[in-house]
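Numbering (UniProt numbering), first residue to last: 1 to 412.
By construction, the Cβ of each residue, glycine as well, lies at the ideal position given by its N, Cα and C atoms.
Here the structure is a predicted model, which means the values were calculated and not measured.
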Amino acid sequence: MSTSAAQSSIPRDAAVVEDLKKKLSRDKRRSRVVSEKFSKCKGSSKIHPMNQPYVMVHLPAVSEQSKKDFSFPKVELHLHLDGSIRFSTLLELSLFCGTPLKGAKTVEELKKVLTTHEPANLSKVLEAFDLLLPVVRGDEAAIERIAYEMCEDQAANGVIYFEARYSPHLLCVPGGKLSSVGVVEAVKRGFDRGEAKFGVKARSIVCCIRGLHQYADDVLQIATNCRHLGVVAIDVAGSAHGADEQYEQQIVDIFEQAFKRGIHRTVHAGESGATNEVLKAINDMHAERIGHGYHIMEDPEFYKKSFIDDKRIHLEACPYSSVMTGSVPLDWKNHPVATWAKDNVNFSISRDDPTCFDNTMFSELQLAKDEIGVTVHQLWQCQVNAARSCFLPEEEKKPIIEKILAAEPPSH
């Protein structure tokens with residue numbers, strides 16, 4: 001079979017996963033260079049080595065005192081819906097649809113299959129999506145249930161507002177009964193039920209996928225026409241192409257159109273790519289928020305100008321995910337978030353894909369406090385930042401911001 005024929009036989013979403021796997025080896029080759037650049041940005045002559053293979057890094061236990069410290073209302077901005085499925089729900093759905101999950105029959109067995117606690121293990125993260133997507137794809141009731149359960153789980157961690165992002169096209173089957181708009185409708189029903197039951201407000205961000213630019217225009221139309229379904233923005237995720245991780249022109253054009261239509265924009269950038277990826281996201285795609293963005297630290301002048309002196313662009317940080325995927329070296333005290341907090345940068349803390357990392361908002365804040373050195377007051381400020389940078393209309397933001405401001409902890 002020719003290479004082109006082999007590629008065409010791969011399902012389109014699987015092709016994206018294959019593309020990401022190819023990118024993994026390149027990312028690992030870059031990691032030592034990245035570590036050196038981070039160290040230089042910190043003013044250190046020492047190069048922090050990448051962790052050795054098979055080092056396991058588990059999230060810290062969340063104490064009752066920490067729950068009191070982190071009792072302020074929370075806002076989560078960077079959360080993938082298809083990476084936020086309960087393990088128990090996945091097991092039940094897998095049994096119902098007959099799609100195996102590597103033989104896992106209990107939650108603990110499934111966690112071993114899907115989660116990673118080994119730094120720089122992007123392949124394990126990608127494998128998790130390869131396994132879980134077939135379980136939920138095209139299942140309208142399952143998608144609604146996932147959205148509803150996200151609200152319940154968020155309420156348990158004191159989250160009062162969150163934005164969940166997803167590709168409607170990866171959650172439906174081409175030619176199947178459930179359309180891309182049908183996916184958004186299912187999510188909306190789940191969020192509506194969740195808000196009514198748990199008091200958690202939730203909205204959708206629809207994603208373009210690099211490598212699947214043929215769906216980009218449909219994503220734009222959904223963002224334009226489905227605001228009544230809670231769609232507040234567009235995003236682009238997945239693997240970029242080329243040595244400099246250039247964005248596909250079709251996707252850049254879609255973001256230009258979104259800007260002209262008044263649709264909010266967040267862009268995955270600077271996660272594994274260099275600073276120029278973030279610069280393009282801001283200048284060419286009119287990004288208001290940057291997903292991850294850790295590699296802005298490679299260019300101190302750009303970092304100072306765009307994120308210290310000018311605080312309009314919000315950074316969506318996911319600390320545990322950043323190390324597990326190899327975006328950032330395992331060196332918590334020199335993690336970009338430590339510098340962002342010190343410099344009062346406009347950033348917030350999110351979990352990214354809890355199904356892959358088994359993390360909660362409490363555990364992520366605990367990690368930031370214990371390992372990275374972010375204070376409780378700085379973590380509260382992250383919630384203020386997130387509320388101010390969320391994509392709700394101003395009149396809906398206001399009560400959320402007021403609730404968080406009213407819960408300010410001591411600054412010492």
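- Between residue 227 and the set 257, 127 and 188, the nearest pair of CA atoms involves 188.
- When the beta-carbon positions are compared, residue 278 and residue 296 come within less than 8 angstroms of each other.
- In this structure, the straight-line span from the alpha carbon of residue 73 to that of residue 175 is close to 42 angstroms.
- The beta carbon of residue 193 sits closer than 6 angstroms to the beta carbons of 148 from its chain, once the five residues preceding and following it are set aside; these are given in chain order.
- Under DSSP, residue 167 shares a beta bridge with no residue.
- Shown here, residue 382 sits in a helix according to DSSP, grouped into three states.
- In the three-state DSSP reduction, residue 311 falls in the coil class, being neither helix nor strand.
- Of the other Cβ atoms in all chains shown, fewer than 16 fall within 10 Å of the Cβ of residue 309; this residue is therefore exposed.
- Comparing C-alpha distances from residue 150 to each of 380, 164 and 390 shows the shortest one belongs to 164.
- With a threshold of 16 other beta carbon atoms within 10 Å, residue 336 meets it and is buried.
- Secondary structure note for residue 322: its alpha helix (DSSP H) is the uninterrupted segment 319-324.
- Pairing residue 286 with residue 255 gives a Cβ-Cβ distance under 8 angstroms.
- Residue 247 is not a Cβ neighbour of residue 271, given a cutoff of 8 angstroms.
- In the displayed model, residue 357 falls within a helix according to three-state DSSP.
- In the DSSP assignment, residue 88 falls within the unbroken alpha helix (DSSP H) covering 87-97.
- Rounded to whole angstroms, residue 402 and residue 391 show a C-alpha spacing of 16 angstroms.
- Residue range 180-198 is occupied by the alpha helix (DSSP H) that includes residue 189.
- In the pairwise beta carbon analysis, the region 83-98 is classified as touching the region 129-149: at least three pairs are separated by under 8 angstroms.
- Straight across, the Cα-Cα distance linking residue 276 with residue 105 is about 45 angstroms.
- Beta-bridge analysis with DSSP links residue 201 to 161.
- By the neighbour-count criterion, in which 16 or more other beta carbons inside 10 Å mark a residue as buried, residue 196 falls on the exposed side.
- Here residue 76 carries a strand assignment [DSSP, helix/strand/coil].
- DSSP, reduced to helix, strand and coil, places residue 263 outside both helices and strands of the structure shown, so it counts as coil.
- With a cut-off of 8 angstroms on Cβ pairs, the region 60-77 is in contact with the region 354-370, counting three or more such pairs.
- Membership of residue 234 in any alpha helix (DSSP H) is not indicated; the residue belongs instead to the beta strand (DSSP E) covering 231-237.
- For residue 347, the enclosing beta strand (DSSP E) stretches over residues 347-349.
- For residue 290, the enclosing beta strand (DSSP E) covers residues 289-292.
- With a beta-carbon spacing of about 5 angstroms, residue 251 and residue 208 fall inside the 8 angstroms limit used to define contacts.
- Residue 138 holds the alpha-carbon nearest to the alpha-carbon of residue 171 among 351, 232, 398 and 138.
- Cβ-Cβ distances below 7 angstroms link residue 404 to 72, 73, 383, 384 and 387 in the same chain, with the five nearest sequence neighbours on each side left out; the list follows chain order.
- Taken through DSSP and simplified to helix, strand or coil, residue 374 comes out as coil.
- Classified as exposed, residue 398 has fewer than 16 neighbouring CB atoms from the shown chains inside 10 Å of its CB.
- By a beta-carbon distance limit of 8 angstroms, residue 320 does not contact residue 346. Their separation comes to about 21 angstroms.
- Between residue 315 and residue 290, the C-beta gap is smaller than 8 angstroms, which places the two residues in contact.
- Under DSSP, no beta-bridge partner is assigned to residue 390.
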